[in-house]
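The block underneath contains the structure these notes are about, expressed in structure tokens.
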Amino acid sequence: MAANTGMNLTLKIWRQKDAKSSGKMETYQVRDISDHMSFLEMMDVLNEQLIGEGKEPVAFDHDCREGICGMCSMYINGEAHGPDRGVTTCQLHMRKFKDGDTIYIEPWRATAFPVVKDLVVDRSSFDRVMNAGGFVSVNTSGNAQDANAIPIPKEDADKAFDAATCIGCGACVATCKNASAMLFVSAKVSQLSLLPQGQVEAKDRVQKMVDQMDKEGFGNCTNTGACEVECPKGISLDNIARMNSEYLKASTK
Amino acid sequence: MSNSALSKSSVGRKVLMALSGFFLLVFLLQHCTINLLSIISKDLFNEISHFMGTNPVVQIFLQPVLIFGFIFHLGMGIYLEINNKKARNVKYAMNKSAVNSTWMSRNMVITGIMIFLFLGLHFYDFWIPEITTKLVQQDWSGLDASGEFRYWAEVNHKFHDPVRVGIYCLAFVFLALHLLHGFQSAFQSVGFRHRRYTPLIKKLGNIYAILIPALFVVIALAHHFCCCSAASCAP
Chain L
1 MAANTGMNLT LKIWRQKDAK SSGKMETYQV RDISDHMSFL EMMDVLNEQL
51 IGEGKEPVAF DHDCREGICG MCSMYINGEA HGPDRGVTTC QLHMRKFKDG
101 DTIYIEPWRA TAFPVVKDLV VDRSSFDRVM NAGGFVSVNT SGNAQDANAI
151 PIPKEDADKA FDAATCIGCG ACVATCKNAS AMLFVSAKVS QLSLLPQGQV
201 EAKDRVQKMV DQMDKEGFGN CTNTGACEVE CPKGISLDNI ARMNSEYLKA
251 STK
Chain H
1 MSNSALSKSS VGRKVLMALS GFFLLVFLLQ HCTINLLSII SKDLFNEISH
51 FMGTNPVVQI FLQPVLIFGF IFHLGMGIYL EINNKKARNV KYAMNKSAVN
101 STWMSRNMVI TGIMIFLFLG LHFYDFWIPE ITTKLVQQDW SGLDASGEFR
151 YWAEVNHKFH DPVRVGIYCL AFVFLALHLL HGFQSAFQSV GFRHRRYTPL
201 IKKLGNIYAI LIPALFVVIA LAHHFCCCSA ASCAP
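Chain order of the listed sequences is L and H.
The working numbering applies: residue 1 is where the first sequence begins, and numbers increase by one.
The working numbering applies: residue 1 is where the second sequence begins, and numbers increase by one.
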């Protein structure tokens with residue numbers, strides 16, 4: 001194992017007591033940070049330091065810490081999930097930084113993602129979009145046939161799988177200059193509409209999910225492509241085009 | 001089903017933006033082609049200008065549609081921009097948007113407004129005098145005092161002023177920046193994205209975005225430097 005590089009870092013972190021309070025950036029120093037640490041482990045070190053000093057630790061979302069749950073939402077040095085590509089914050093390693101760096105750490109910024117505390121945001125707007133139509137209304141109790149009994153083109157299966165890898169972290173919203181949720185919603189629309197079981201309700205689904213997305217206050221997509229670049233799961237802009245096309249067909253039926 | 005009307009949803013609005021954009025792309029190509037004739041053949045330019053200026057289909061139907069299409073594109077663009085600003089009520093202390101998107105894609109409203117401001121000058125230069133001649137003076141002949149077509153001479157005269165030529169050329173730079181994102185973005189907005197054709201569309205868009213404004217610049221400079229008003233110098 002390599003020796004501890006012992007990075008000393010300056011952290012500028014958004015602190016906000018609760019949803020109603022106004023927050024501000026505060027500065028902290030952390031010392032002897034190993035480049036083998038994940039970003040969240042570095043945050044753990046900071047919090048232990050703060051607790052030791054009798055101060056309030058920084059609140060941040062995290063759960064699986066292996067890039068699956070999509071909870072760790074941090075805007076690090078001006079990028080969703082930090083400077084690395086195809087990773088969540090928990091998969092970002094401190095080797096991406098160097099001794100003496102100043103790191104800006106902010107919550108996702110979107111009207112539809114209100115800050116709950118410090119770096120924690122409320123992403124229940126995504127849940128409401130899913131509740132509006134992100135499901136298949138099929139009664140499968142007791143009479144579901146084997147999924148393999150329905151032939152599905154490999155290309156469609158692959159596209160549906162790729163869309164389904166969206167973990168709903170919200171990096172697309174956070175990074176979009178318009179705080180648009182089109183990449184998330186289009187991935188969820190695509191993963192269902194590409195498969196036979198989901199095609200039955202495809203028209204209603206796309207309209208209901210887009211309507212809910214608009215009600216939540218997300219911005220309009222202007223095709224900058226930033227969401228695709230910053231998405232930790234590499235969700236493609238193909239999904240947005242597919243959703244646009246499906247919405248257009250559904251609206252003119 | 002609620003709110004399914006195209007004009008009321010975010011997806012519908014971007015489709016309408018794209019459709020009006022396609023319309024303006026076609027218009028721009030037509031405008032550039034006719035203008036190009038002004039540095040190739042004075043007579044042909046005069047004849048086509050007279051046809052466009054007096055044809056009832058163009059004047060009564062296409063011209064209002066064009067003006068509506070442009071105002072719609074601009075108005076909807078500004079409306080969406082205002083909505084988009086509301087979607088992020090607190091800005092980031094640090095935001096490196098340049099690492100994941102182009103300047104053109106992030107600043108369509110700025111380049112669009114610059115084009116709009118230029119069109120104010122363009123209308124002042126050409127459209128308002130044309131409308132005044134036809135509708136106020138009721139002169140639809142297209143002829144000047146010497147009995148010749150006036151169109152080419154009017155265009156040429158406008159480009160004698162180096163400041164005006166400079167403003168026009170600057171506006172064409174903004175037009176190129178707008179088109180560099182707008183062309184391919186319009187296809188994405190209407191849902192056309194294909195593994196094979198999308199890369200071609202992006203290349204075609206880049207060619208269109210550079211070539212058309214460049215030709216407009218060439219036309220303006222040609223009138224300024226090469227084509228004087230004297231009949232012997234005219235093409």
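Just so you know, even glycine gets a beta-carbon here, dropped at the ideal spot from N, CA and C.
Being a predicted model, the structure only gives us computed values, none of them experimental.
Listed from N- to C-terminal order along the chain, which residues in the stretch 55 to 85 of chain L have their beta-carbon within a distance smaller than 7 Å of any beta-carbon of chain H? TYR75, ASN77, GLY78 and GLU79
Is the stretch 44 to 63 of chain H close to the stretch 238 to 251 of chain L, with three or more CB pairs under 8 Å? no
Going by CA-CA distance only, name the one from H:MET52, H:LEU19, H:PRO162 and H:ALA176 that's closest to GLY205 of chain H. H:ALA176
When the distance is taken between beta carbons, is LEU80 of chain H closer than 8 Å to ASN244 of chain L? no
Is there contact here, the stretch 102 to 119 of chain H with the stretch 208 to 215 of chain L, by at least three beta-carbon pairs under 8 Å? no
Would you mind sorting GLY133 of chain L into buried or exposed? The rule is 16 or more other CB atoms within 10 Å of its CB. Around the beta carbon of GLY133 of chain L, 16 or more other beta carbons sit within 10 angstroms, so the residue counts as buried.
Would you please state the rounded distance, in angstroms, between the beta carbons of LYS96 of chain H and GLU230 of chain L? I believe it to be under 8 Å. Not quite, the Cβ-Cβ distance comes to about 10 Å (not below 8 Å), so this is no contact.
Let me know the secondary structure DSSP gives ALA153 of chain H once reduced to three states. ALA153 of chain H falls in the helix class under three-state DSSP.
Confirm, please, whether the CB-CB distance from PHE218 of chain L to VAL189 of chain L is below 8 Å. no
Decide yes or no for the touch test of the stretch 66 to 86 of chain L against the stretch 160 to 180 of chain L: beta carbon pairs closer than 8 Å, at least 3 of them. Verdict: yes, contact present.
Inter-residue Cα distance where the pair is ILE60 of chain H and TRP140 of chain H: 14 Å
Counting only beta-carbon separations shorter than 8 Å, does LEU80 of chain H have a partner in chain L? Taking Cβ atoms only, chain L reaches closer than 8 Å to LEU80 of chain H, which makes this a yes.
Measure from the alpha carbon of ARG95 of chain L to the alpha carbon of each residue in L:ALA149, L:MET130 and L:HIS36, then state which is nearest. L:HIS36
Using the C-alpha atoms, what's the distance from ARG15 of chain L back to GLU261 of chain L? Any answer about residue 261 of chain L is impossible in this case: the structure gives chain L only from 1 up to 253.
Excluding the 5 residues preceding and the 5 following ARG242 of chain L in the sequence, name in chain order all residues of the same chain whose CB lies nearer than 7 Å to its CB. SER186 and SER190
Can you list, in chain order, the residues of the stretch 204 to 232 of chain L whose Cβ is nearer than 9 Å to any Cβ on chain H? Residues passing the 9 Å Cβ filter: ASP204, VAL206, GLN207, LYS208, VAL210, ASP211, MET213, ASP214, LYS215, GLY217, PHE218, GLY219, ASN220, CYS221, THR222, ASN223, THR224, GLY225, ALA226, CYS227, GLU228, VAL229 and GLU230.
Counting contacts by CB-CB distance shorter than 8 Å, is PHE45 of chain H in contact with chain L? no
Mind pulling the chain H residues with CB within less than 7 Å of SER34 of chain L? Those do not exist, as SER34 of chain L stays about 24 Å from chain H at its closest Cβ, beyond 7 Å.
Taking GLU155 of chain L as part of the alpha helix (DSSP H), name the residues at either end of that continuous run. 154 to 164
Which listed residue (H:ILE210, H:GLU130 and H:THR102) has its alpha carbon closest to that of PHE172 of chain H: H:ILE210
Does the separation of the CB atoms of VAL155 of chain H and LEU221 of chain H fall below 8 Å? no
Near-chain H residues of the stretch 147 to 168 of chain L - C-beta to any C-beta below 8 Å: none
Using the beta-carbon count (16 or more within 10 Å), is GLN184 of chain H buried or exposed? buried
Measuring straight from C-alpha to C-alpha, what distance separates LYS159 of chain L and ALA98 of chain H? Distance between the alpha carbons of LYS159 of chain L and ALA98 of chain H is about 29 Å.
Give me the Cβ distance between THR224 of chain L and SER20 of chain H, rounded to the nearest whole Å; I'm assuming they're in contact under 8 Å. THR224 of chain L to SER20 of chain H, Cβ: 19 Å. No contact.
Mapping the DSSP letters down to three states, classify LYS117 of chain L as helix, strand or coil. strand
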